[in-house]
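Protein chains in written order, with this note's numbering: chain A, 358 to 581; chain B, 16 to 488. Note that CB positions come from ideal geometry on N, CA and C, so glycine has one too. Here is the structure we will look at.
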Amino acid sequence: MKILIIEDDTEAAQYLAKGLNEHGHTVDVAEKGKDGLFLAMSEKYDAMVLDRMVPEVDGLTILQTIRAAGNQTPVLMLTAMGKVDERVKGLKEGADDYLVKPYSFTELLARLEVITRRQPAEKAVTKLSCGDLEVDLLSRNVTRAGKKIDLQAREFQLLEYLIRNKDTVVTRTMLLEHVWDYNFDPQTNVIDVHISRLRQKLDKGFETSLIQTLRGAGYKLSAA
Amino acid sequence: MIEKFHRLTHTFTFRLAMIYVAVFSFSVVVLFAFISVFAENYLESQSRDVIKARYQQLLSEYQNSGSSGVEERINDLIRSDEESTEIYLLINREGEKMAGNMGAWPQYQTTLEAFEKQGKWIKFFIEGSRTTPERVEVRAIEIPLSKWRTLLVGQSLQNYHRVRQTLMQTFWASLAITLLMAFVGAYIMTKSVERRITVINRSAAKIMQGTLSERIPVQGGGDEFDELSENLNAMLERIEVLMQSLKDFANNIAHDLRTPLNRIIARTETGLRRLSADSAVSELLVDNIRDMQELIATFNAILSISELESNPTAQLKPLEVTAVLTNMVELYEPYAYEKSIELTLFTPSKIIIEADKHLLSQALANLLDNAIKFTPMGGRIDVSMKDENGHALITIADSGPGIPSEMRQKVFEKFYRLEQSRNSKGNGLGLSLVGAIVKLHQGEITLGDNHPGLVVELAFKLYAEPDGASGLL
């Protein structure tokens with residue numbers, strides 16, 4: 358993927374660029390708002406990492422400008438302190454996701470991958486599958502190898518988010534934000550318990566586990 | 016009312032005023048004592064002058080006209096004495112009465128001092144008569160006019176008694192008026208001083224509750240209270256600056272350490288990616304990253320608390336708190352289940368308060384987290400909500416070890432950890448954050464005893480629909 362980073366902290370931008378390079382992405386870095394806006398308007402990117410506070414033109418204005426110009430490139434916004442209002446404002450202006458600094462690279466990578474793969478018009482999709490697992494979003498039927506699995510409402514939402522982003526790592530914070538709509542830091546990993554419950558239901562009577570735990574990163578729903 | 020009076024009488028000003036009342040009353044007493052002594056002396060000397068003048072008249076009458084002249088003269092004098100205060104008695108050598116208005120020589124007389132050569136001043140009492148019902152004191156001269164005649168000239172002090180009576184009446188009236196005025200004055204003084212002190216006390220109470228920016232109003236008259244207020248304000252100014260710099264210092268540390276910490280995480284992650292997943296080193300690096308993320312979480316918590324405390328910018332909106340609580344309990348239910356803890360929830364259908372959803376959720380999450388963490392396997396946690404007296408009351412009662420009552424206020428302090436929780440995970444900021452969030456919502460948090468266990472009670476004011484508003488949310 359070709360990714361544009363607009364971030365004024367040189368070192369942070371470099372680490373980000375390096376990490377993304379290692380994962381096979383091409384990266385452009387702009388340290389000033391004007392340069393960033395110019396690049397965003399003139400080049401075609403698969404995703405953008407946009408700092409909320411950059412000199413010259415601030416992140417929010419850049420976002421507004423490119424969205425007003427019809428540019429639908431997925432944008433991940435970064436902000437210094439986790440103010441709820443900031444996050445809401447960013448998402449309202451068209452950011453696809455929002456991450457609070459300091460973030461971990463894994464978190465950023467996972468989020469970038471999720472927002473870039475969400476591109477195809479997903480509204481039309483009513484049936485999702487992963488290996489022998491099938492999820493009907495309308496009837497809310499879940500089957501594995503034809504065997505019906507009963508899920509509670511929240512478990513279904515959790516599975517829906519995982520299957521929409523199958524083969525991609527999703528972090529615990531992402532789950533908390535998107536499935537529960539909370540953005541705070543739980544002291545304990547409550548999410549783990551929910552995942553293990555879901556996993557038990559999905560894997561009961563099967564040899565292979567569909568939900569993988571990636572240490573230090575998060576979870577991945579995958580058939581392989 | 017009684018309590019108010021009781022409180023008033025226990026103030027310093029009231030005691031001061033009472034001392035003034037006592038001093039005033041005492042001076043009235045002294046003043047009247049002086050007046051009374053002077054009046055007595057004056058009246059007595061006047062009386063003596065009259066007696067002496069009468070004696071001179073009678074003496075010269077005796078020298079001129081002999082005994083019969085004196086007798087006639089005495090009768091004249093008695094007749095012309097309209098107030099009948101004058102007393103005369105003339106006796107012969109055998110002690111027989113020759114003239115006068117006394118039956119016999121006074122028996123219980125007291126000798127005062129000598130008068131001329133042979134005479135003496137005496138004092139005695141005569142029993143009540145037609146005009147004066149009481150016993151009356153008499154001043155008199157007893158003096159021999161010659162070998163054959165002895166004369167007693169005197170005057171009763173009934174006028175003096177009358178004066179003394181009037182004086183006493185005036186005294187009591189003055190004392191009553193003085194006391195009344197003094198009490199009124201004391202009340203006004205106590206009240207006005209109390210008013211000024213109350214203003215200072217009220218400000219002090221607000222400051223103690225954490226509003227360090229509060230200042231004591233200065234009335235502008237430049238009196239000693241204004242001076243006190245100004246000095247206290249200057250002191251507060253100084254404390255606020257110090258507190259702020261302390262807070263800034265802590266915040267700066269938290270803020271500045273996050274950046275290098277983040278870089279360390281980034282580098283570690285980079286290193287981790289270069290290792291194969293099953294390398295023994297990678298496990299160490301993952302643990303390092305986890306610990307560093309915990310550090311960042313601690314710093315974030317410090318910064319969140321200080322932000323909540325310093326500029327409460329959160330936008331409170333009407334929020335159906337029942338749903339938030341239900342969701343939060345649902346989020347933690349599997350965690351409790353894993354520890355075989357029975358987690359129950361009881362809520363009424365709908366309660367609306369003004370709140371920030373994310374902050375309130377964070378507070379509830381921290382409380383539930385703590386409850387589950389400290390409740391032993393097989394214990395129970397009861398979460399309930401009700402609306403009471405215009406407040407939403409959320410109760411989280413666990414069957415854990417509880418918190419000793421003397422520690423209940425301390426656990427809200429940053430980094431304070433109970434002995435029993437030293438070994439468990441956590442940074443000692445969870446309850447501080449809860450406290451800050453509750454305060455931001457102008458709610459109240461109380462910790463109680465669940466016999467055994469801890470009861471946390473949160474109270475938030477119910478959202479009052481503005482007039483004319485129809486639907487909500």
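Asked                                                                                                                         : Found
Per-residue DSSP class, three states only, for B:Pro419                                                                       : coil
Exposure of A:Asp542, with buried meaning 16 or more beta-carbon neighbours within 10 Å                                       : buried
Within chain B, partners of A:Pro459 - CB distance below 8 Å                                                                  : Arg273, Thr274, Leu276, Asn277, Ile280, Ile311
Cut-off 8 Å between Cβ atoms - residues of its own chain near B:Leu182, not counting five sequence neighbours on either side  : Phe47, Ile50, Ser51, Ala54
Chain-order list of residues whose beta-carbon lies under 6 Å from that of B:Val43 (same chain, five-residue window excluded) : Ser189, Leu190, Thr193
Neighbour-count burial assignment, A:Asp524, 16 or more Cβ in a 10 Å radius                                                   : exposed
Collapsed DSSP secondary structure at B:Met250 in the structure displayed                                                     : helix
Per-residue DSSP class, three states only, for B:Leu127                                                                       : strand
Interface flag, B:Ala484 vs chain A, CB-CB below 8 Å                                                                          : With a pLDDT of 48 at B:Ala484, under the threshold of 50, the modelled position of that residue is not reliable, and the figure given next carries that caveat. With 8 Å as the cut-off, B:Ala484 does not count as an interface residue toward chain A.
Inter-residue CB distance, B:Leu473 and B:Ile409 (contact presumed, cutoff 8 Å)                                               : 4 Å
Uninterrupted alpha helix (DSSP H) stretches inside the segment 366-445 of chain A (no shorter than 4 residues)               : 367-379, 390-399, 416-425
Simplified DSSP state of B:Glu149, which is helix, strand or coil                                                             : coil
Residue range of the unbroken beta strand (DSSP E) whose run includes A:Ser486                                                : 484-487
Contacting residues, own chain, Cβ-Cβ under 6 Å from A:Met405 (five flanking each side not counted)                           : Leu361, Thr430, Val432
8 Å contact criterion, which B:Val233 and B:Glu245 should meet: CB distance rounded                                           : 6 Å
Within-8 Å CB hit, B:Thr285 to chain A                                                                                        : yes
Sequence-distant residues of its chain with Cβ nearer than 6 Å to B:Leu172 (five each side left out)                          : Glu152
Rounded separation between A:Leu519 and B:Met258 - CA only                                                                    : 47 Å
8 Å Cβ cutoff, A:Gln463 in contact with chain B                                                                               : Checking the sequence, you will find Thr at residue 463 of chain A rather than Gln. Yes, its Cβ sits closer than 8 Å to a Cβ of chain B.
Residue-chain proximity (A:Phe563, chain B), Cβ-Cβ < 8 Å                                                                      : no
Burial state of B:Glu428, where buried means 16 or more other Cβ atoms lie within 10 Å                                        : exposed
N- and C-terminal bounds of the alpha helix (DSSP H) containing B:Glu353                                                      : 336-353
One or two residues paired with B:Pro333 in a DSSP bridge                                                                     : B:Glu369
Nearest candidate by alpha-carbon position, reference A:Asp415, set A:Gly390, A:Asp560, A:Glu443                              : A:Gly390
Opposing strand residues paired with B:Ser244 [DSSP bridges]                                                                  : Paired residues: none, contrary to the question.
Whole-Å CB distance - B:Ile452 paired with B:Ala338, under 8 Å assumed                                                        : Contact flag wrong, Cβ pair sits at about 18 Å.
Separation of B:Arg432 from A:Arg554, as counted between CA atoms                                                             : 32 Å
Interface flag, A:Glu470 vs chain B, CB-CB below 8 Å                                                                          : no
Below-8 Å beta-carbon distance, A:Met358 vs any chain B residue                                                               : no
Backbone CA spacing between B:Met117 and B:Asp96 [nearest angstrom]                                                           : 14 Å
Unbroken beta strand (DSSP E) run spanning B:Gln133, endpoints                                                                : Careful: B:Gln133 lies outside any beta strand (DSSP E) and carries neither H nor E.
Paired residues, beta bridge with B:Gly169 - DSSP                                                                             : B:Ile102, B:Ala155
Contact check, B:Thr126 vs B:Lys132, beta carbons under 8 Å                                                                   : no
CB contact below 8 Å: B:Ile452 versus chain A                                                                                 : no
Proximal residues of chain B, C-beta to C-beta of A:Gly575 below 9 Å                                                          : Those within 9 Å of A:Gly575 in chain B number zero; the least Cβ separation is about 13 Å.
Residues bridged to B:Gln72 [DSSP beta-bridge criterion]                                                                      : Its beta-bridge partners do not exist; DSSP assigns none.
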